[in-house]
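First up is the structure itself, then whatever we jot down about it.
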Amino acid sequence: LIFAAQKLFQFLAMVEGGRLAETDATPKQLCLVAIGYHNLAVVQLKLAMPDLACKNSQNARKIARLCLSYSNRWIDTFQYTHEIALSDLKYDLRTKQASELSPAQLAFVIELSEALFDPFSDANMNEPAPAK
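When the sequence shown is numbered by my numbering, its final residue is 251 and no position is left out of the sequence of numbers.
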């Protein structure tokens, strides 16, 4: 499990670093990247790292929306994993004092909460945009 997670992390680091980027990614390639983020989130849930799992499951959902022709069959699974990660993160936040969280964890919670309440974020895609 650890070896597979390391390889998956290396792959996603290459994606994020632009080393696998082409000018135009095909829907199939985007779907593979979304599956990679999802699988990394699942591993992070197993390793009791819900903050990182939330971020990667959210990335999987965002990328999957760019290639629905390929990813449509996994959308519900991606959503379920994201809900589990959020639930685990909420539990961690309820059981820990703020002083027990590292600065990186606090920054991540702030980033996640801002995305949650941003009307144009991934979390609120089903709600209509506010009138200007």
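In this text, a Cβ means the ideal position worked out from N, Cα and C, and glycines have one as well.
The model shown is predicted, which means the values in this text are computed figures rather than measured ones.
Integer-rounded CB distance, given that residue j should sit under 8 Å from residue i
{"i": "L127", "j": "L159", "result": "5 Å"}
{"i": "S190", "j": "A183", "result": "4 Å"}
{"i": "K181", "j": "F227", "result": "The Cβ separation is near 16 Å, so there is no contact."}
Top-ranked residue by Cα proximity to residue i, from the options
{"i": "K282", "options": "V161, W193, Q177", "result": "Since the first residue of the chain shown is 120 and the last is 251, residue 282 is not available in this structure."}
{"i": "L231", "options": "H201, L164, L187, K165", "result": "H201"}
{"i": "L164", "options": "R213, Y199, S188", "result": "Y199"}
{"i": "A167", "options": "D211, I229, L220, E219", "result": "D211"}
C-beta atoms of residue i and residue j nearer than 9 Å
{"i": "H157", "j": "F197", "result": "yes"}
{"i": "A172", "j": "A204", "result": "yes"}
Sequence-distant residues of the same chain with beta carbon closer than 6 Å to residue i, five excluded per side
{"i": "D207", "result": "P169"}
{"i": "C186", "result": "P146, L149, C150"}
Cβ shell of residue i (< 8 Å), same chain only, five flanking positions each side left out
{"i": "Q224", "result": "D170"}
{"i": "P222", "result": "none"}
{"i": "P247", "result": "For P247, the predicted model reports a pLDDT of 39, less than 50, meaning its position is unreliable and no value from the coordinates is stated."}
{"i": "S188", "result": "P146"}
{"i": "E219", "result": "none"}
Cutoff 7 Å; reference residue i; Cβ partners in own chain excluding five residues on either side
{"i": "G155", "result": "L127, F130, L131"}
{"i": "A179", "result": "A153, Y156, H157, A160, F197"}
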